[in-house]
Amino acid sequence: MKTITIHIKNMVSQCCVILIGERLEKAGIKVEEISLGRATVSFDEERIGRDDIRKVLKELGTDLVEDREKQLVEKIKLAVTELIHHMNNVDSVVRKSDYLVEKLGLTYAYLSRIFSSHEDITLERYIILNKIERIKELIDQDEFTLSEIAYMMDYSSVQYLSTQFRNITGMTVSEYRESDRSFRRPIDQLT
680 MKTITIHIKN MVSQCCVILI GERLEKAGIK VEEISLGRAT VSFDEERIGR DDIRKVLKEL
740 GTDLVEDREK QLVEKIKLAV TELIHHMNNV DSVVRKSDYL VEKLGLTYAY LSRIFSSHED
800 ITLERYIILN KIERIKELID QDEFTLSEIA YMMDYSSVQY LSTQFRNITG MTVSEYRESD
860 RSFRRPIDQL T
């Protein structure tokens with residue numbers, strides 16, 4: 680049995696972890712450990728190879744990430760997802776750049792440069808797009824006022840949130856609330 684650690688693209692939730700783990704196991708690939716963006720797997724090299732692993736992942740809309748810089752881009756995306764979609768930045772103190780620097784141990788300038796060199800948008804824009812998608816989700820849940828959402832998402836005011844929301848979506852928050860709300864985009868399709 681060969682044991683390797685693989686890096687996986689576009690894992691954004693615990694559902695991804697569970698589903699990918701189950702599919703790898705079903706394909707005869709033993710999952711030793713799995714978390715967002717990576718898995719340690721064991722397999723019989725005579726029966727299974729990297730192409731078999733890649734095939735399982737591609738069936739789920741993901742893939743292996745083998746280039747070191749691309750692995751860093753995936754780590755950046757996971758950190759942004761974690762901060763914006765899972766932590767809610769409830770204390771509204773953590774600046775996005777500070778969080779990424781602390782989490783990944785690299786300068787923000789370096790992270791931003793690497794991200795932009797591999798994606799079609801800047802890191803700053805990617806963060807904004809994630810914030811807007813989270814805002815849409817919070818509006819859809821109808822549990823918080825716009826003031827609470829602005830605070831949770833680290834906006835200085837409701838006006839600033841509303842302006843950025845309109846600039847990105849082309850509609851006001853009120854128009855979004857009144858729409859059929861089919862304007863949500865999957866997190867893994869924001870780049």
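Quick note on this note's numbering: the sequence shown kicks off at 680 and runs consecutively.
C-beta atoms are modelled at their ideal positions from N, C-alpha and C, and glycine is treated no differently.
Please list, in chain order, all residues of the same chain as residue i whose beta carbon is under 6 Å from its beta carbon, the five residues on each side excluded.
i	result
Glu-816	none
Thr-801	Ser-795
Val-852	Ser-841, Phe-844
Val-752	Phe-794, His-797
Excluding the five sequence neighbours on either side, which residues of its own chain have a C-beta within less than 8 Å of the C-beta of residue i, listed in chain order?
i	result
Arg-726	Gly-707
Glu-748	Ile-793, Ser-796, His-797
Phe-823	Leu-817, Met-831
Quick check on residue i: buried or exposed, where buried means 16 or more other Cβ atoms within 10 Å of its Cβ?
i	result
Ser-796	exposed
Cys-694	exposed
Lys-775	buried
Among the options, which one has its Cα closest to the Cα of residue i?
i	options	result
Gly-728	Gly-716, Leu-743, Leu-715	Leu-743
Met-680	Glu-711, Cys-694, Val-691, Ser-858	Glu-711
Tyr-805	Glu-857, Tyr-830, Leu-779	Leu-779
His-686	Tyr-839, Glu-822, Leu-736, Glu-857	Leu-736
Lys-734	Tyr-834, Glu-753, Lys-705, Val-752	Lys-705
Val-696	Asp-777, Leu-703, Ile-713	Ile-713
For residue i and residue j, I'd like the C-alpha separation in whole angstroms.
i	j	result
Ser-826	Asn-846	19 Å
Asp-799	Glu-812	18 Å
Tyr-787	Met-832	20 Å
Ala-718	Asp-731	15 Å
Ile-699	Gly-740	10 Å
Glu-701	Met-690	14 Å
Leu-783	Ile-755	8 Å
Thr-848	Ser-692	24 Å
Val-720	Leu-785	28 Å
Leu-790	Tyr-855	33 Å
Ser-858	Asp-821	14 Å
Gln-838	Ile-807	16 Å
Tell me which residues share the same chain as residue i and place their Cβ nearer than 7 Å to its Cβ, disregarding the 5 neighbours each side in the sequence.
i	result
Leu-757	Leu-715, Gly-716
Asp-723	Met-680
Ser-836	Ala-829
Kindly indicate which three-state DSSP category residue i falls into: helix, strand or coil?
i	result
Ala-788	helix
Ile-687	strand
Phe-844	helix
Thr-719	strand
Ile-708	coil
Arg-741	Rather than Arg, the amino acid found at residue 741 in this sequence is Thr. Here Thr-741 sits in coil by DSSP.
Ser-796	helix
Ile-755	helix
Ser-714	strand
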